[in-house]
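Numbering of the sequence shown is given in our numbering, commencing with residue 18 and proceeding in unit increments.
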Amino acid sequence: MGKTLFESPSFANHEGVHAFYDEKTGLKAIVAVHSTARGPAVGGTRMWNYASSAEALEDVLRLSKGMSYKNAVADLEMGGGKSVIIGDSRTQKTPELFHAFGRYLNGLGGHYYAAEDVGTSVEDIAEARKVTEFVLGLKDGPEASGDPSPVTAEGVFRSNLVVARRLFNQNDMTGLTVAIQGVGHVGAYLAEKLHKAGAKLIITDVNQANLEAVAAKTGAEIVAPDAIYDVAADIYAPCALGATLNPQTLDRLKVKAVCGAANNQLATADIGDELFKRGVLYAPDYVINGGGIINVASEMNARQTGGAYDPSWVEGKLSRLMETFEEILERSVAENKPTHLIADAIAEARIKAAADKKAEAQKV
Numbered sequence: 018m019g020k021t022l023f024e025s026p027s028f029a030n031h032e033g034v035h036a037f038y039d040e041k042t043g044l045k046a047i048v049a050v051h052s053t054a055r056g057p058a059v060g061g062t063r064m065w066n067y068a069s070s071a072e073a074l075e076d077v078l079r080l081s082k083g084m085s086y087k088n089a090v091a092d093l094e095m096g097g098g099k100s101v102i103i104g105d106s107r108t109q110k111t112p113e114l115f116h117a118f119g120r121y122l123n124g125l126g127g128h129y130y131a132a133e134d135v136g137t138s139v140e141d142i143a144e145a146r147k148v149t150e151f152v153l154g155l156k157d158g159p160e161a162s163g164d165p166s167p168v169t170a171e172g173v174f175r176s177n178l179v180v181a182r183r184l185f186n187q188n189d190m191t192g193l194t195v196a197i198q199g200v201g202h203v204g205a206y207l208a209e210k211l212h213k214a215g216a217k218l219i220i221t222d223v224n225q226a227n228l229e230a231v232a233a234k235t236g237a238e239i240v241a242p243d244a245i246y247d248v249a250a251d252i253y254a255p256c257a258l259g260a261t262l263n264p265q266t267l268d269r270l271k272v273k274a275v276c277g278a279a280n281n282q283l284a285t286a287d288i289g290d291e292l293f294k295r296g297v298l299y300a301p302d303y304v305i306n307g308g309g310i311i312n313v314a315s316e317m318n319a320r321q322t323g324g325a326y327d328p329s330w331v332e333g334k335l336s337r338l339m340e341t342f343e344e345i346l347e348r349s350v351a352e353n354k355p356t357h358l359i360a361d362a363i364a365e366a367r368i369k370a371a372a373d374k375k376a377e378a379q380k381v
């Protein structure tokens, strides 16, 4: 990080940073709790072969703060946190590793709930669940929310409809071309929804089987991965890796809007400023892809109410999220500010309001 923890810009006033090591299983994990103002911190567990513990710490701090914002803008009674396990997910995973991780989560006493993320799966979370209650995103049981991908895709699809109304004055996607980068889980669901709504699709992916499957269902045109930035399209929907909006790609894009599911689409915040200056509508990624965390959060709701997974609760939160997205677009125009800054301001205001209320209640 180049600086001590508290001096680093990435620290961002985190409430807690916890490092765990288990000699028997080789577990090396870091849990970052950014904020519990709105409720217990919730965020995924990433397993990655980081070059150093410093790199892992930098990543978990950045991701943890992002979860505070995502959960706040989705109006969930949850704070933000994240965890990373240092190791190769292809060769170093064992059930015992996740049992050890679960036991360490118990030590945090419910301040942080883990879920699947890059390098981990619902099966891994199920292993941790054998020793801890502090995990979410289960595939079995009455409260289990299952695969979050369809709900994530639904939120991104509805956001595309909002963009179609605002930019093209139409209530469906008829006649609009959407360039989808990445047709894995979320991207494939999104492609089907856009196709049914009348959109013409141009798709790319590094996985040929995914491409062929989606093209067969939707009639999409397939292009090489790097060519997606140069196609003639109305909307660019990044649904794979982050940082695809960067100085190298900005001048190549010919779209009027960016509206996709990928996390961390802006390589740097000033890319969002530049899109705004160029008149390109940017749908803030952590806002419109919030369907997944809403689906996961439904498990916490089920536990609190003693009930089961409730699709109507998920739908209510998703509808509220779309209202927030519309508010962001309206304020962007009214205040003449980029959408990503408006989204951040809304998230920060919600976190601060909850923190102030919590502080008042804790006065002695």
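Glycine included, C-beta positions come from ideal geometry on N, C-alpha and C.
So what does DSSP say about residue i, is it helix, strand or coil?
| i | result |
| --- | --- |
| residue 221 | strand |
| residue 27 | coil |
| residue 36 | strand |
| residue 196 | strand |
| residue 238 | strand |
| residue 381 | coil |
| residue 160 | coil |
| residue 135 | coil |
| residue 86 | helix |
| residue 148 | coil |
Do residue i and residue j have their C-beta atoms closer together than 8 Å?
| i | j | result |
| --- | --- | --- |
| residue 93 | residue 311 | yes |
| residue 221 | residue 244 | yes |
| residue 111 | residue 64 | no |
| residue 161 | residue 38 | no |
| residue 33 | residue 60 | no |
| residue 155 | residue 143 | yes |
| residue 116 | residue 53 | no |
| residue 169 | residue 308 | yes |
| residue 251 | residue 272 | yes |
| residue 231 | residue 216 | no |
| residue 194 | residue 114 | no |
How far does the beta strand (DSSP E) with residue i in it reach, from first residue to last?
| i | result |
| --- | --- |
| residue 253 | 252–255 |
| residue 103 | 96–103 |
| residue 62 | 58–65 |
Between which two residues does the alpha helix (DSSP H) containing residue i stretch?
| i | result |
| --- | --- |
| residue 356 | 356–378 |
| residue 117 | 112–124 |
| residue 383 | In the structure as shown, the chain begins at 18 and stops at 381. Residue 383 is therefore absent and cannot be evaluated. |
| residue 243 | That residue, residue 243, is in no alpha helix (DSSP H); it is neither H nor E in DSSP. |
| residue 351 | 328–352 |
| residue 265 | 264–267 |
| residue 317 | 308–322 |
| residue 178 | 166–185 |
Measuring from the CB of residue i, is there a heavy atom of the ligand SAM at a distance below 7 Å?
| i | result |
| --- | --- |
| residue 255 | As for the ligand SAM, it is missing from this structure, which has no ligand bound. |
Which partner residues of residue i appear in the DSSP bridge assignment?
| i | result |
| --- | --- |
| residue 299 | 275 |
| residue 45 | 38 |
| residue 50 | 33 and 98 |
| residue 283 | 262 |
Between the segment 173–183 and the segment 294–312, can you find at least three pairs of beta-carbon atoms closer than 8 Å? yes
Given 8 Å as the limit, is there contact between the segment 112–125 and the segment 30–47, that is, 3 or more CB pairs closer than that? yes
Should the segment 276–294 be called in touch with the segment 220–235, which here means at least 3 C-beta pairs below 8 Å? no
contact_flag[the segment 231–238, the segment 256–264] where n(CB pairs < 8 Å) is 3 or more: no
So, do the segment 355–370 and the segment 284–296 have three or more beta carbon pairs nearer to each other than 8 Å? yes
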